[in-house]
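Chemist: One structure, as structure tokens, below. Some questions next.
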Amino acid sequence: MTSTGPRPPSATSLRRARLLFLLVAIVVPVVVVAVAAVVLVGWLPAFSEPVATHWGIGGADGFGPASTYLWLLLGIGFGVPLLMAVTTLVSARDQWGAAARLMGALAAGMSAFAAAMSLGSLWIQRDLPPGAEVPGIGGVMGLALAGLVILGGLAWVIQPRYRTPDGRVLAPRQDVRVGAGERVVWLATAAMPRGILLLLALVLAGMVALAVSLIANGIAGGWIVAVVAVVVALAVAATASYRVSITPEGFAARSLLGRPRVDIPLDEVAGARAIDVSPVGEFGGWGWRISVDGRTGIVTRRGPAIEVSRRERKPFLVTVDGAEEGAALLQTYVDRGAGATAPPAVGP
7 MTSTGPRPPS ATSLRRARLL FLLVAIVVPV VVVAVAAVVL VGWLPAFSEP VATHWGIGGA
67 DGFGPASTYL WLLLGIGFGV PLLMAVTTLV SARDQWGAAA RLMGALAAGM SAFAAAMSLG
127 SLWIQRDLPP GAEVPGIGGV MGLALAGLVI LGGLAWVIQP RYRTPDGRVL APRQDVRVGA
187 GERVVWLATA AMPRGILLLL ALVLAGMVAL AVSLIANGIA GGWIVAVVAV VVALAVAATA
247 SYRVSITPEG FAARSLLGRP RVDIPLDEVA GARAIDVSPV GEFGGWGWRI SVDGRTGIVT
307 RRGPAIEVSR RERKPFLVTV DGAEEGAALL QTYVDRGAGA TAPPAVGP
């Protein structure tokens with residue numbers, strides 16, 4: 007007869023962290039949105055005429071049926087948290103840490119924000135006589151932000167402070183040898199997966215369509231959406247793909263637009279290795295990221311990455327195919343440089 011015995015502490019802690027994440031990221035939004043939806047549906051018969059659904063600098067400038075707020079409540083209060091929860095669980099997998107904990111807190115806070123915005127926006131319009139000026143939205147916005155911070159903070163505290171070890175170290179695929187006087191260069195491209203690029207393109211196209219529609223209807227807010235769309239387009243173009251190079255001079259990674267860029271001279275490199283990286287679990291997402299332990303990196307996908315240890319700064323890493331070969335070559339140059347600068351041995 008065999009016994010499975012108790013779970014290892016790490017497995018038990020990870021399971022508890024995941025369960026509490028599900029509690030704050032899915033169960034809490036369901037409860038908050040359900041209560042708010044019941045209240046909102048009870049108010050709907052009191053609004054027979056269109057209500058203000060959008061406020062600009064000069065006040066209310068968009069109107070629609072009161073039921074609009076029900077759909078906003080469901081979409082922002084539950085749809086967004088659900089998307090955040092699923093993305094975190096699928097992307098983090100067994101790599102869990104502060105980034106996943108933060109996503110759970112934000113998911114819970116978002117439900118409170120949506121509930122306060124939806125109910126508050128209708129509340130300030132109750133019993134208004136026809137044609138009366140709609141009050142400003144500033145107070146409701148402040149209340150909604152307070153709800154986000156308070157419920158999000160509670161969700162953060164409820165979840166345990168748990169962090170799995172960093173991704174496993176990958177063994178070099180080959181022993182890289184560079185002879186005296188030889189110059190070997192390693193080049194690769196670090197790019198986001200096509201699925202993510204397609205999703206970003208669809209979001210950008212939606213923003214452009216929204217901006218055109220608003221501007222065509224004479225709504226000043228359309229120009230704000232247009233500016234945001236331009237900024238998003240530049241950000242995507244600057245961070246979607248990087249050219250990585252390893253030479254006898256050191257390590258470099260450059261965006262296809264030229265910026266951002268990082269150069270690490272060989273004399274600043276303490277070592278290099280290939281590791282397995284989880285974007286959400288270790289860095290909270292994709293792009294140019296900073297982890298909770300201070301590491302900086304270009305994280306475009308899950309998988310192998312070159313981690314460059316720096317002598318006076320935290321490590322820098324980049325996810326890229328063939329990371330094992332690149333890290334091995336850089337380490338070879340580091341070892342060769344250390345041998346060239348080492349003091350001669352003193353005999354007896």
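Read in order, the letters of the sequence shown are residues 7 to 354 in this note's numbering. Cβ coordinates follow ideal geometry from the N, Cα and C atoms, glycine included. The structure displayed is predicted, hence computed values, not measured ones.
1) Quick check: what's the CA-CA separation for Ala106 versus Pro166?
2) Are the region 52 to 60 and the region 198 to 209 in contact at 8 angstroms, needing three or more beta carbon pairs?
3) Identify the continuous alpha helix (DSSP H) that holds Thr74 and give its terminal residues.
4) Could you say which of Ala329, Arg316, Arg319, Arg317 lies nearest to Val305 if we only look at CA atoms?
5) Quick check: the Cα distance between Ala5 and Asp133, rounded to an integer number of angstroms?
6) Kindly list the residues whose CB is nearer than 7 angstroms to the CB of Arg13, restricted to its own chain and excluding five residues on each side of it in sequence; keep chain order.
7) Does the distance from the C-beta atom of Ala217 to that of Val236 stay below 7 angstroms?
8) For Val242 versus Leu206, is the C-beta spacing smaller than 7 angstroms?
9) Residues in its own chain within less than 8 angstroms of Leu108 by CB, not counting five upstream and five downstream?
10) For Val326, tell me which candidate among Val86, Ala280, Val47, Met123 has the shortest Cα-Cα distance.
11) In its own chain, which residues sit with a C-beta less than 6 angstroms from the C-beta of Ala84, not counting the 5 before and 5 after it?
12) Leaving out the 5 sequence neighbours to the left and right, which residues in its chain are closer than 7 angstroms to Gly110 when beta-carbon positions are compared?
13) So if DSSP puts Glu313 in a beta bridge, which residue, or which two residues, is it bridged to?
14) Do Ala150 and Ala122 come within 7 angstroms of each other at the CB atom, strictly closer than that value?
15) Around the Cβ of Val96, are there at least 16 other Cβ atoms within 10 angstroms (buried) or fewer (exposed)?
16) Does the ligand SAM have even one heavy atom less than 6 angstroms from the beta-carbon of Val283?
17) Suppose the cutoff is 7 angstroms on Cβ atoms and the five residues either side in sequence are ignored; what does the same chain contact list for Leu79 look like?
18) Determine the direct distance from the alpha carbon of Val57 to that of Phe322, and round the result to whole angstroms.
19) For Thr245, which residues from the same chain have a beta carbon less than 7 angstroms from its beta carbon, with the 5 sequence-adjacent residues on both sides left out?
20) By Cβ distance below 7 angstroms, which residues in the same chain neighbour Phe69 in space, the five residues on each side in sequence not counted?
21) Which word fits Ser219, buried or exposed, when buried means at least 16 other C-beta atoms lie within 10 angstroms of its C-beta?
22) Report all residues from its chain with a CB closer than 7 angstroms to the CB of Phe71; omit the five preceding and five following residues, and keep chain order.
23) By a C-beta neighbour count over all protein chains shown, 10 Å radius and 16 as the cutoff for buried, is Ile63 buried or exposed?
24) Quick check on Ser73: buried or exposed, where buried means 16 or more other Cβ atoms within 10 Å of its Cβ?
25) Between which two residues does the alpha helix (DSSP H) harbouring Ala196 extend?
26) Rounded to a whole number of angstroms, what is the C-alpha to C-alpha distance between Val191 and Ser284?
27) Taking buried to mean at least 16 other C-beta atoms within 10 Å of its own C-beta, is Trp102 buried or exposed?
28) What is the C-beta distance between Val146 and Ala66, in whole angstroms, given that I count them as a contact (C-beta under 8 angstroms)?
29) Taking Tyr339 as the reference, give the member of Val275, Leu208, Arg307, Arg21 with the closest Cα.
30) How about Ala91 and Val298: do their beta carbons lie closer than 7 angstroms?
31) Out of Ala194, Ile82, Val286, Ile221, which one is the CA nearest neighbour of Arg93?
32) Assuming the contact rule is C-beta atoms closer than 8 angstroms, Pro254 and Arg189 should be a hit. Round their C-beta distance to whole Å, please.
Modeler: Let me spell this out:
1) 11 angstroms
2) no
3) 74 to 80
4) Ala329
5) Since the first residue of the chain shown is 7 and the last is 354, residue 5 is not available in this structure.
6) For Arg13, the predicted structure reports a pLDDT of 44, less than 50, and the residue's modelled location is therefore unreliable. A value from the coordinates is still provided. Correct list: empty, nothing qualifies.
7) no
8) yes
9) Trp162, Gly290
10) Ala280
11) Checking the sequence shown, residue 84 turns out to be Phe, not Ala. Contacts found: Pro35, Val39.
12) Phe27, Val30, Ala31, Ala161, Gln165
13) Arg279, Leu323
14) yes
15) exposed
16) Looking for the ligand SAM in the displayed structure turns up nothing, as the structure carries no ligands at all.
17) Val39, Ala42, Ala43, Leu46, Ala120, Ala121, Ser124
18) 52 angstroms
19) Ser261, Gly293, Trp294
20) Pro56, Val57, Ala58, Thr59
21) exposed
22) Residue identity differs from the one stated: residue 71 is Pro in this sequence, not Phe. Pro56, listed in sequence order.
23) exposed
24) exposed
25) No alpha helix (DSSP H) holds Ala196; the beta strand (DSSP E) holding it covers 192 to 197.
26) 27 angstroms
27) buried
28) That pair is no contact at about 12 angstroms.
29) Val275
30) no
31) In the sequence under discussion, the amino acid at residue 93 is Thr, which differs from the Arg named in the question. The residue with the shortest Cα to Cα distance from Thr93 is Val286.
32) 6 angstroms
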